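Enquirer: If you read the protein sequences in the order shown, they are chains A and B. Each position in the first sequence, counted from 1, maps to that position plus 10 in our numbering. 384 is the number that our numbering gives to position 395 of the second sequence; each next residue is one higher, with no gaps. I have a structure here, written as structure tokens, and I will follow up with some questions on it.
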Amino acid sequence: MALITLKNIYKDYYLGDIDVPVLKGISLDIAGGEMVALMGASGSGKSTLMNILGCLDRPTSGEYWLDGEEVSRLSSDRRAMIRNRKIGFVFQNFNLLARTSALDNVAMPLAYTAGQLSNREARQRAETMLTRVGLADRMEHVPAQLSGGQQQRVAIARALINHPPVLFADEPTGNLDSHTSEEVLAMFQELNRTEKITIILVTHDSHVAEHAQRVIHISDGVVVDGVFGPAGGEA
Amino acid sequence: MKLYAVVGNALRTLARNPMRAMLTTLGIVIGVGSVIAMMEIGSGSSEALKKSIANMGANMLMVFPGMTNTGGVSGGMGSAKNLTPDDCAAIIKECPAIRAAAPLVWVRAQAVRGNRNWVPQQIMGTTADYLEVRGNRIEQGVSISQRDILNCNRVCLIGKTVAQNLFDNESPVNQEIRLKSITFRVIGVLAPKGANMVGQDQDDVILAPWTTVKYRISSTTSSASTQGESSKNSTTGSTRGILYHSATPDLYPARSSTQAEDSPISLRLASVNMILASAVSPEAIPAAIDQITILLRERHRLRPDSDDDFIIRDMTEMTNTLSSTTKLMTNLLLCVAMISLMVGGVGIMNIMLVSVTERTREIGLRMAVGARSRDILTQFLVEAIVLCLIGGLIGILLGHGGAMLVAMTLHWPVATSIPAILAAFLVSASVGIIFGYYPAWKASRLDPIEALRYE
């Protein structure tokens, strides 16, 4: 079974008394271990889809199965738990806590994990994560002391701290130069290959999308291309 | 999240911006500090006030003899002659709620010195305890001694007004004055007290040993009372009164043991006009009244069904003044405290709201990585409470220090008030909860998508 299954997802926004349909019946499967790029122009519904996939928003209708669970009708507290356990986020602007060490930034999601780890265990896990993204010597640095690429790597470490099966990256290279962009994308590919983490890249940059195994194009609220990727098609 | 983790988190967040945290909590610091300082200074001065009102005689009790009722004619209060100096001694000895007691007899007479004369409002015979009961001091000279009383010594203390009228600016000590052609030596001058609550000049007074007044002055004339006790009232030992009028000053002639066996009931040697007693504290007055009542009923051998043959009066007016003064002061302080803490709380709320707006992105991020609304609410609420408690703590220290400083430099009375400190602590925590709740609630209602996008 696919890790992510969307069935006929609709999303309407209400502006005053006019209904504005944004997503108009999206159905797609993403298998575990895939690396997918979600592409579309601004206003295409790409961000809305991303919010629904990331359990930050709920669809107006339709089903969303994540890791064998229907999550589209869950309460906000349940969704918060899903976000904590099953989803990692990497943002365009890194979103690190200012004046807080890289280590504390990485360990932050653990504070909201039920059945908490002790302080020492949390610290150890954060250290392991930072070492893995190559920042073993930058643990006590605050974001202002780190370069853009390093900050994004701290953000990736934070996203991975709870070993989620799926990682969402919203324009992860939007604030980076081309060289560090390559580094970050290479890191995603490596994580996908070695850890079998499902990675969903949301971007409008076709160069970034090239790093994925499958590209899903969204336009005007429907999927126009890539519903069945090479992997999905074969399965 | 565990509580200690939340508190640790809040402390770290506050430490990230110490200047702002300090300014935010300044309102609470000043509020709590001023409350503590005022409470300590206030309770110190109220303590001092209490003492000085007590000195005025707020805990004073007056025991009068009862009234006679002969053939339907009432003699008025104090007309009975059944209160004795022995009653007074027994009150001192047996009533634990009584600090001091003094018998009083009074006469009205002209005081003469050389070519001057003056009629003091009060010429009273008493013991040295009178000074303690009334809170009087001797300004010059010495007080009446026990020996003066036993020997009917012709010595007296005079008040400022009497001194001025008879002596002008001379020192009256060891001078002589005459009362009803009996010469008295002035042994001391009382410190001035001014008028009392009904406008009577309390310095227009001459005090002498009660025995002297009783046996040397009042028994020689009939002016002392309406019913000349020495001639009419045989039950009070008037024959002895005449006896003491003679030159022998021996008040209690030695009795042989046989005599004591034969007459175990001691004679009432003399009656006094009043016994003035002072309770250990204003609060002990009801207990003191009970104790005196029981004691005197027993001593006067009254049947359980008969009425008291004496009357006890207390200074209700003064006691009420005392309690209302203290209450007023406390309420006033409470009002000031509430206002200043309110102002401090509004300051906290203001900055917390700013902080929520400023940290919208952080809130969005925390929600994205799994924080529930409840976690966000707790985080901001705990931050506000921690801020208030730190402010409260600093305030308590500053207030206490300030009070100590005032005590040291201005020598005002200060009393450390533990309840005030506890209350300040609780109040600052509640201020944190009350004024921190709205910003925290606002933070917890944020939409993570909007919050993440917030610039």
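Every residue, glycine too, gets a C-beta built ideally from N, C-alpha and C. This structure is a prediction, so every number in the text was calculated from the model and none was measured.
Nearest CA to the CA of B/E372: which residue from B/F414, B/S344, B/G353?
Expert: Of B/F414, B/S344, B/G353, the residue nearest in Cα terms is B/S344.
Enquirer: Give a yes or no on whether the C-beta atoms belonging to B/D118 and B/G148 are separated by under 7 Å.
Expert: Their beta carbons are not under 7 Å apart, which means B/D118 does not touch B/G148 by this criterion.
Enquirer: Select from A/A41, A/K21, A/I36 the residue whose C-alpha is nearest the C-alpha of A/R224.
Expert: Selected option, being the one with the closest Cα: A/A41.
Enquirer: Name the chain B residues whose beta carbon is nearer than 8 Å to that of A/T123?
Expert: Within chain B, the residues near A/T123 are G359.
Enquirer: Take B/L284 and list the residues in its own chain whose beta-carbon comes closer than 7 Å to its own, dropping the five residues that flank it on each side.
Expert: The residues are A79, I80, E83, C84.
Enquirer: So is B/H389 buried or exposed if we call it buried at 16+ other beta carbons inside 10 Å?
Expert: Buried, because 16 or more other Cβ atoms sit within 10 Å of the Cβ of B/H389.
Enquirer: Is it true that the CB of B/A98 sits closer than 7 Å to the CB of B/C145?
Expert: No. Outside cutoff.
Enquirer: Run down chain C in chain order and give the residues with a C-beta less than 8 Å from the C-beta of B/I438.
Expert: Of the chains in the structure shown, none is chain C; the protein chains are A and B.
Enquirer: I believe B/A432 touches B/F369 by the beta-carbon criterion, under 8 Å. Please report the beta-carbon distance rounded to the nearest angstrom.
Expert: With 8 Å as the limit, B/A432 and B/F369 qualify as a contact, their Cβ atoms being about 5 Å apart.
Enquirer: Identify, in the order they occur along the chain, each residue of the same chain with its Cβ nearer than 7 Å to the Cβ of B/I374, setting aside the five sequence neighbours on each side.
Expert: Cβ neighbours of B/I374 beyond the five flanking positions: A418, G421, I422, G425.
Enquirer: Name the chain B residues that come within less than 7 Å of A/R93, Cβ to Cβ?
Expert: The contacting residues are A357, V358, G359.
Enquirer: Going by beta-carbon coordinates alone, are A/S71 and A/Y20 separated by less than 7 Å?
Expert: Going by C-beta atoms, A/S71 is nearer than 7 Å to A/Y20.
Enquirer: So for B/R167, helix, strand or coil by DSSP?
Expert: Residue state, collapsed to three classes: strand.
Enquirer: What does A/F198 reach in chain B if we use C-beta pairs closer than 8 Å?
Expert: Correct list: empty, because the minimum Cβ distance to chain B is about 19 Å.
Enquirer: Whole angstroms are fine: how far does the CA of B/T315 sit from the CA of B/A404?
Expert: Each residue's alpha carbon lies about 15 Å from the other.
Enquirer: Given a cut-off of 7 Å on the beta-carbon distance, is the pair B/S406 and B/S63 in contact?
Expert: Against a cut-off of 7 Å, the Cβ pair of B/S63 and B/S406 comes out as no contact.
Enquirer: If you count every other CB in all the chains shown that lies within 10 Å of the CB of B/K221, and 16 or more means buried, which is it?
Expert: Residue confidence for B/K221 is low, a pLDDT of 39 falling below 50, so the modelled location carries little weight; the figure read from the coordinates is stated next. That one is exposed.
Enquirer: Distance, Cα to Cα, A/R130 vs B/W401?
Expert: The alpha-carbon atoms of A/R130 and B/W401 are separated by roughly 54 Å.
Enquirer: Might you give, ordered along the chain, the residues of its own chain that have their beta carbon closer than 6 Å to the beta carbon of A/G98, omitting 5 neighbours on each side?
Expert: Counting only Cβ-Cβ distances below 6 Å, and skipping sequence neighbours, we find A169, L170, P174, L177.
Enquirer: Taking a contact to mean a Cβ-Cβ separation below 7 Å, would you say A/V46 touches A/R109 in this structure?
Expert: No, the pair does not count as a contact, with Cβ atoms beyond the cut-off.
Enquirer: DSSP state of B/R355, grouped into three classes?
Expert: Of the three classes helix, strand and coil, the one that applies to B/R355 here is helix, per DSSP.
Enquirer: Give the interface partners of A/L107 over in chain B, defined as CB-CB distance under 8 Å, in chain order.
Expert: Simply E351, L354.
Enquirer: Mind listing the chain A neighbours of B/S362? Cutoff is C-beta to C-beta under 9 Å, in chain order.
Expert: What B/S362 touches in chain A: S86, D87, A90.
Enquirer: What in chain B is Cβ-close to A/M118, meaning under 8 Å?
Expert: Under the 8 Å cutoff, chain B gives R355, V358.
Enquirer: For the alpha helix (DSSP H) containing B/Y427, name the first residue and the last one.
Expert: Unbroken alpha helix (DSSP H) run through B/Y427: 407 to 433.
Enquirer: Could you check whether the Cβ of A/E244 sits closer than 7 Å to any Cβ belonging to chain B?
Expert: Model confidence at A/E244 stands at a pLDDT of 39, short of 50, so the residue's coordinates are unreliable; what they give is reported in the following sentence. Chain B contact via Cβ: absent.
Enquirer: Is the CB-CB distance between B/A91 and B/T115 below 7 Å?
Expert: For B/A91 and B/T115, yes; Cβs fall inside 7 Å.
Enquirer: Between which two residues does the alpha helix (DSSP H) containing B/L(-8) stretch?
Expert: From DSSP, the alpha helix (DSSP H) with B/L(-8) extends over -8 to 5.
Enquirer: Are the Cβ atoms of A/G159 and A/L201 separated by less than 7 Å?
Expert: No, these two residues do not count as a Cβ contact at 7 Å.
Enquirer: For B/I176, collect the residues of the same chain with a Cβ closer than 6 Å to its Cβ; drop the 5 residues on either side in sequence, then sort them by chain order.
Expert: Within the same chain, B/I176 has close Cβ partners G130, V131, V144.
Enquirer: Inspect the CB distances between the segment 208 to 227 of chain A and the segment 47 to 62 of chain A and report whether three or more fall short of 8 Å.
Expert: Yes: at least three Cβ pairs fall under 8 Å.
Enquirer: Rounded to whole angstroms, what's the CA-CA distance from A/F104 to A/R68? Just pull it up for me.
Expert: The straight-line gap from Cα to Cα measures roughly 24 Å.
Enquirer: In chain order, what residues of the segment 3 to 23 of chain B put their CB closer than 7 Å to some CB of chain A?
Expert: If the cut-off is 7 Å between Cβ atoms, the segment 3 to 23 of chain B has R5 near chain A.
Enquirer: If you count every other CB in all the chains shown that lies within 10 Å of the CB of B/S313, and 16 or more means buried, which is it?
Expert: With fewer than 16 Cβ atoms within 10 Å of its Cβ, B/S313 is classed as exposed.
Enquirer: Report the partner residues of B/A100 according to the DSSP bridge assignment.
Expert: The partner list for B/A100 (beta bridge, DSSP) reads B/W107, B/L168.
Enquirer: Within 7 Å of any Cβ in chain B, is that where the Cβ of A/F99 sits?
Expert: It does: the Cβ of A/F99 has a partner Cβ on chain B nearer than 7 Å.
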